[in-house]
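Please read the structure below before turning to the comments.
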Amino acid sequence: MYNLYTIRLENEKFINYCYLGINDYESVAFVIDPAWDISEIINILNSSGAKLEYILITHSHYDHMNKAIDLSKATGASICISKREYNYYNLTLPSVRLLEDNQKILFGNNMINAFLTPGHTKGSMCYKIGNNFFTGDTLFIEGCGICSGEGGSP
(Lines of atoms letter the chains of each structure in order from A and count residues from 1; the text may use other names and numbers.)
(Lines give C-alpha, C1' and ligand atoms only; values in the text may rest on other atoms or scores of the structure.)
Protein backbone atom coordinates (compact mmCIF):
# COMPACT_ATOMS: atom_id res chain seq x y z
CA MET A 1 0.00 0.00 0.00
CA TYR A 2 1.09 3.59 -0.48
CA ASN A 3 -0.05 7.11 0.36
CA LEU A 4 -1.03 9.22 -2.63
CA TYR A 5 -0.56 12.98 -2.88
CA THR A 6 -2.35 14.86 -5.65
CA ILE A 7 -0.50 18.05 -6.57
CA ARG A 8 -2.33 20.63 -8.70
CA LEU A 9 0.07 22.56 -10.93
CA GLU A 10 -0.69 25.78 -12.79
CA ASN A 11 1.27 27.78 -15.33
CA GLU A 12 -0.56 30.49 -17.27
CA LYS A 13 -3.36 28.66 -19.10
CA PHE A 14 -2.20 25.15 -18.20
CA ILE A 15 -3.57 23.21 -15.25
CA ASN A 16 -2.13 19.76 -14.64
CA TYR A 17 -2.05 17.22 -11.89
CA CYS A 18 1.04 15.46 -10.67
CA TYR A 19 0.81 12.43 -8.41
CA LEU A 20 3.29 11.42 -5.74
CA GLY A 21 3.01 7.96 -4.20
CA ILE A 22 4.95 7.08 -1.07
CA ASN A 23 5.27 3.60 0.35
CA ASP A 24 5.91 4.53 4.00
CA TYR A 25 6.69 0.95 4.98
CA GLU A 26 9.68 0.79 2.64
CA SER A 27 10.38 4.56 2.33
CA VAL A 28 10.24 4.58 -1.48
CA ALA A 29 8.28 6.84 -3.81
CA PHE A 30 7.13 7.39 -7.38
CA VAL A 31 5.92 10.53 -9.12
CA ILE A 32 3.80 10.84 -12.25
CA ASP A 33 4.15 13.72 -14.74
CA PRO A 34 6.24 16.30 -12.84
CA ALA A 35 5.84 19.72 -14.43
CA TRP A 36 6.18 23.45 -13.71
CA ASP A 37 7.36 23.27 -10.08
CA ILE A 38 8.96 20.43 -8.15
CA SER A 39 9.37 22.22 -4.81
CA GLU A 40 6.26 20.63 -3.27
CA ILE A 41 7.39 17.18 -4.42
CA ILE A 42 10.84 17.72 -2.89
CA ASN A 43 9.32 19.05 0.35
CA ILE A 44 7.02 16.03 0.74
CA LEU A 45 9.86 13.63 -0.03
CA ASN A 46 12.15 15.35 2.49
CA SER A 47 9.53 15.38 5.25
CA SER A 48 8.68 11.71 4.67
CA GLY A 49 12.27 10.53 4.33
CA ALA A 50 11.27 8.53 1.24
CA LYS A 51 13.62 7.95 -1.69
CA LEU A 52 12.16 8.72 -5.11
CA GLU A 53 12.72 5.65 -7.29
CA TYR A 54 10.62 6.31 -10.38
CA ILE A 55 9.49 9.30 -12.40
CA LEU A 56 6.65 7.93 -14.52
CA ILE A 57 5.83 9.87 -17.68
CA THR A 58 2.43 9.37 -19.33
CA HIS A 59 3.51 11.19 -22.51
CA SER A 60 6.17 13.60 -23.68
CA HIS A 61 4.24 16.87 -23.91
CA TYR A 62 6.03 19.71 -22.16
CA ASP A 63 3.26 20.28 -19.62
CA HIS A 64 3.67 16.72 -18.32
CA MET A 65 7.42 16.31 -18.12
CA ASN A 66 9.25 19.64 -18.15
CA LYS A 67 10.67 19.00 -14.66
CA ALA A 68 11.45 15.29 -15.07
CA ILE A 69 15.15 15.84 -15.77
CA ASP A 70 15.56 18.32 -12.89
CA LEU A 71 13.81 15.92 -10.52
CA SER A 72 15.91 12.97 -11.72
CA LYS A 73 19.12 14.94 -11.19
CA ALA A 74 18.00 16.06 -7.72
CA THR A 75 16.97 12.58 -6.55
CA GLY A 76 18.70 9.99 -8.72
CA ALA A 77 15.33 8.55 -9.77
CA SER A 78 14.88 6.74 -13.09
CA ILE A 79 12.69 8.40 -15.72
CA CYS A 80 10.24 5.82 -17.07
CA ILE A 81 8.58 6.43 -20.44
CA SER A 82 7.24 4.22 -23.21
CA LYS A 83 9.83 3.04 -25.70
CA ARG A 84 7.47 3.99 -28.52
CA GLU A 85 7.13 7.57 -27.23
CA TYR A 86 10.87 7.91 -26.69
CA ASN A 87 11.76 6.70 -30.17
CA TYR A 88 8.96 8.42 -32.12
CA TYR A 89 9.72 11.86 -30.70
CA ASN A 90 13.53 11.33 -30.66
CA LEU A 91 13.79 12.12 -26.96
CA THR A 92 17.01 12.25 -24.98
CA LEU A 93 16.70 11.70 -21.25
CA PRO A 94 19.24 10.79 -18.57
CA SER A 95 18.61 7.77 -16.37
CA VAL A 96 15.87 6.61 -18.73
CA ARG A 97 14.03 3.31 -18.42
CA LEU A 98 12.10 2.46 -21.58
CA LEU A 99 8.83 0.63 -21.03
CA GLU A 100 6.88 -1.78 -23.21
CA ASP A 101 3.15 -2.45 -23.15
CA ASN A 102 2.01 -4.43 -20.11
CA GLN A 103 5.41 -4.15 -18.43
CA LYS A 104 5.55 -4.53 -14.67
CA ILE A 105 7.89 -2.66 -12.35
CA LEU A 106 8.37 -3.61 -8.71
CA PHE A 107 7.76 -0.67 -6.37
CA GLY A 108 8.37 -1.71 -2.78
CA ASN A 109 5.67 -4.28 -2.06
CA ASN A 110 3.50 -2.90 -4.90
CA MET A 111 3.53 -3.48 -8.63
CA ILE A 112 3.44 -0.70 -11.22
CA ASN A 113 1.67 -1.92 -14.37
CA ALA A 114 2.43 0.12 -17.50
CA PHE A 115 -0.04 0.05 -20.40
CA LEU A 116 0.59 1.50 -23.85
CA THR A 117 -2.42 3.69 -24.75
CA PRO A 118 -1.63 5.49 -28.02
CA GLY A 119 -4.06 8.17 -29.11
CA HIS A 120 -3.15 11.40 -27.39
CA THR A 121 0.43 10.76 -28.51
CA LYS A 122 2.06 7.89 -30.37
CA GLY A 123 3.34 6.27 -27.21
CA SER A 124 1.10 7.47 -24.38
CA MET A 125 1.15 5.24 -21.31
CA CYS A 126 -1.22 4.69 -18.43
CA TYR A 127 -0.11 3.26 -15.11
CA LYS A 128 -2.04 1.04 -12.71
CA ILE A 129 -0.67 1.09 -9.19
CA GLY A 130 -2.76 -0.61 -6.54
CA ASN A 131 -6.37 0.50 -7.03
CA ASN A 132 -5.41 3.66 -8.95
CA PHE A 133 -5.20 4.09 -12.73
CA PHE A 134 -3.24 7.14 -13.93
CA THR A 135 -4.13 8.22 -17.47
CA GLY A 136 -2.29 11.48 -18.19
CA ASP A 137 -4.11 13.09 -21.12
CA THR A 138 -5.49 9.81 -22.46
CA LEU A 139 -8.55 10.54 -20.34
CA PHE A 140 -9.30 13.93 -18.79
CA ILE A 141 -11.20 14.42 -15.55
CA GLU A 142 -14.05 15.87 -17.59
CA GLY A 143 -13.94 13.51 -20.58
CA CYS A 144 -11.83 12.06 -23.37
CA GLY A 145 -8.34 13.31 -24.10
CA ILE A 146 -7.30 15.21 -27.21
CA CYS A 147 -5.85 13.24 -30.15
CA SER A 148 -5.22 15.99 -32.71
CA GLY A 149 -1.53 16.78 -32.05
CA GLU A 150 1.50 15.33 -33.85
CA GLY A 151 1.56 11.58 -33.31
CA GLY A 152 -2.03 11.54 -32.07
CA SER A 153 -4.59 9.31 -33.71
CA PRO A 154 -8.31 9.51 -32.95
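Each residue of the sequence shown is one higher than the one before, counting from 196 in the working numbering.
Note that the Cβ used here is the ideal one computed from N, Cα and C, for glycine as well.
| query | result |
| --- | --- |
| Can you check which of these residues, 305, 302 and 293, is closest to residue 319 by C-alpha distance? | 293 |
| Closer than 6 Å by C-beta to residue 308: which residues in its own chain qualify, once you throw out the five before and the five after it? Chain order, please. | 299 and 323 |
| Tell me whether the beta-carbon of residue 262 lies closer than 8 Å to the beta-carbon of residue 289. | no |
| Judging by CA-CA distance, which residue of 256, 329, 197 and 260 is the nearest neighbour of residue 224? | 197 |
| Use the C-beta contact count for residue 265: other C-beta atoms within 10 angstroms, 16 or more gives buried, fewer gives exposed. | exposed |
| State the CB to CB distance for the pair residue 227 and residue 302, rounded to an integer number of angstroms; the pair is presumed to be in contact (CB under 8 Å). | That pair is no contact at about 12 Å. |
| Within 10 angstroms of its Cβ, does residue 279 collect 16 or more other Cβ (buried), or is it exposed? | buried |
| Name the DSSP bridge partner or partners of residue 206? | 209 |
| What residue ranges within the segment 206 to 286 form continuous beta strand (DSSP E) runs of no fewer than 3 residues, ordered along the chain? | 209 to 218, 223 to 227, 246 to 251 and 273 to 277 |
| Kindly indicate which three-state DSSP category residue 201 falls into: helix, strand or coil? | strand |
| If you count every other CB in all the chains shown that lies within 10 Å of the CB of residue 281, and 16 or more means buried, which is it? | buried |
| Using the beta-carbon count (16 or more within 10 Å), is residue 260 buried or exposed? | buried |
| With residue 209 and residue 258 assumed to form a contact (beta carbons below 8 Å), what rounded beta-carbon distance in angstroms separates them? | 5 Å |
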